[in-house]
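Residue numbers (the working numbering): 52 to 302.
These notes concern the structure reproduced below.
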């Protein structure tokens, strides 16, 4: 398992590959958060010795801000499926454990996506706490609002459109700020971190979860081609594909 990207090993039990179709591993959805696809010529995939061989059939659009590619219900549904996979659910559990949110605290979720983390944190800061969830994508904001309503958390989660580089909150507003797989899409990530620090109260916590795409491992019958594919995707999809190795310089 590649924990940085939230992926599972590809084998015949967790990747159903038919001769006519291509199955992408979980990180292809979960770690990118906002991939748009366009059709391109394809060749059949095959399975040899129980190891699926995935032939790419799609092309990434980028680099773009995440909000510009989350544009409809299909995008949100895909993200919702990705965030509901066991490995990503467990990743969020470990992330929340490290954060250590307490009842009564006020937190900011930057880039809330479909709202899974915001709702989970809202339950951990209850009673008396509150979570503010922001995203540049109106579709993500609508999806989070729907999840909040469905989970009866409207009194403890405030959802709004927002930009990580221009947070519309007073100084020292929050006990913690979280950003999960968000800053890699932000061109001016230094400004985003400055803004997060500004709105934190003294002694507050900023937790960031990101992927270094050089650390994503995918078992393949053609490892050279697979590495080229991952590298090409990293260079075109993200503003900062290798952010974890440089993140400490921004604090």
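For glycine and all other residues, C-beta sits at the position ideal for the given N, C-alpha and C.
> With burial defined as no fewer than 16 other Cβ atoms inside 10 Å of the residue's Cβ, what is the status of residue 343: buried or exposed?
Replying inline: In the structure as shown, the chain starts at 52 and stops at 302, and residue 343 therefore has no counterpart that could be examined.
>> Buried or exposed for residue 140, going by 16 or more other Cβ atoms inside 10 Å?
In response: Looking up residue 140 in the chain shown gives position 89. Residue 140 comes out exposed.
> Taking buried to mean at least 16 other C-beta atoms within 10 Å of its own C-beta, is residue 299 buried or exposed?
Replying inline: Within the chain shown, residue 299 is the residue found at index 248, counting from 1. With fewer than 16 Cβ atoms within 10 Å of its Cβ, residue 299 is classed as exposed.
>> For the beta strand (DSSP E) containing residue 159, name the first residue and the last one.
In response: Looking up residue 159 in the chain shown gives position 108. Here the beta strand (DSSP E) through residue 159 covers 157-161.
> Hey, quick one: how far does the beta strand (DSSP E) through residue 237 stretch, first residue to last?
Replying inline: On the chain shown, position 186 is the one that residue 237 refers to. From DSSP, residue 237 is part of no beta strand (DSSP E); its letter is neither H nor E.
>> Could you give the first and the last residue of the continuous alpha helix (DSSP H) run that contains residue 169?
In response: Stepping through the chain shown from its first residue, residue 169 is reached at position 118. Here the alpha helix (DSSP H) through residue 169 covers 167-176.
>> Restricting to Cα atoms, I'd like to know which of 254, 125, 263 and 265 is closest to residue 190.
In response: If you number the chain shown from 1, residue 190 lands on position 139. The shortest Cα separation from residue 190 among 254, 125, 263 and 265 belongs to 125.
>> Using 8 Å as the threshold, is the C-beta distance between residue 264 and residue 292 below it?
In response: Walking along the chain shown from the start, residue 264 turns up at place 213. Walking along the chain shown from the start, residue 292 turns up at place 241. Cβ atoms of residue 264 and residue 292: closer than 8 Å.
> Helix, strand or coil for residue 294 per DSSP?
Replying inline: Your numbering for residue 294 matches position 243 in the chain shown. DSSP places residue 294 in helix when its eight states are reduced to three.
> Going along the chain, which unbroken runs of the beta strand (DSSP E) with 3 or more residues stay wholly within the region 250-302?
Replying inline: Runs found: 251-260.
> What runs of the beta strand (DSSP E), each 3 residues or longer, lie entirely inside the region 172-219?
Replying inline: 181-186 and 208-212
> Since residue 230 is in the beta strand (DSSP E), which residue starts that stretch and which ends it?
Replying inline: Position 179 of the chain shown holds residue 230. Its beta strand (DSSP E) spans residues 225-231.
> Would DSSP call residue 222 helix, strand or coil?
Replying inline: Taking the chain shown and counting its residues from 1, the one referred to as residue 222 is at position 171. In this structure, residue 222 counts as coil in the three-state DSSP scheme.
>> If you reduce the DSSP assignment to three classes, tell me which class residue 154 lands in.
In response: Along the chain shown, read from residue 1 onward, the residue named residue 154 stands at position 103. Looking at residue 154 - three-state DSSP - the assignment turns out to be coil, as it is neither helix nor strand.
> Can you tell which of 180, 176 and 249 has the C-alpha that lies nearest to the C-alpha of residue 221?
Replying inline: To locate residue 221, count along the chain shown from 1; it is residue 170. The shortest C-alpha separation from residue 221 is found at 249.
> Looking only at C-alpha atoms, which of 179, 174, 210 and 175 sits nearest to residue 162?
Replying inline: As a working note, residue 162 is residue 111 in the chain shown. For residue 162, the nearest C-alpha among the options comes from 210.
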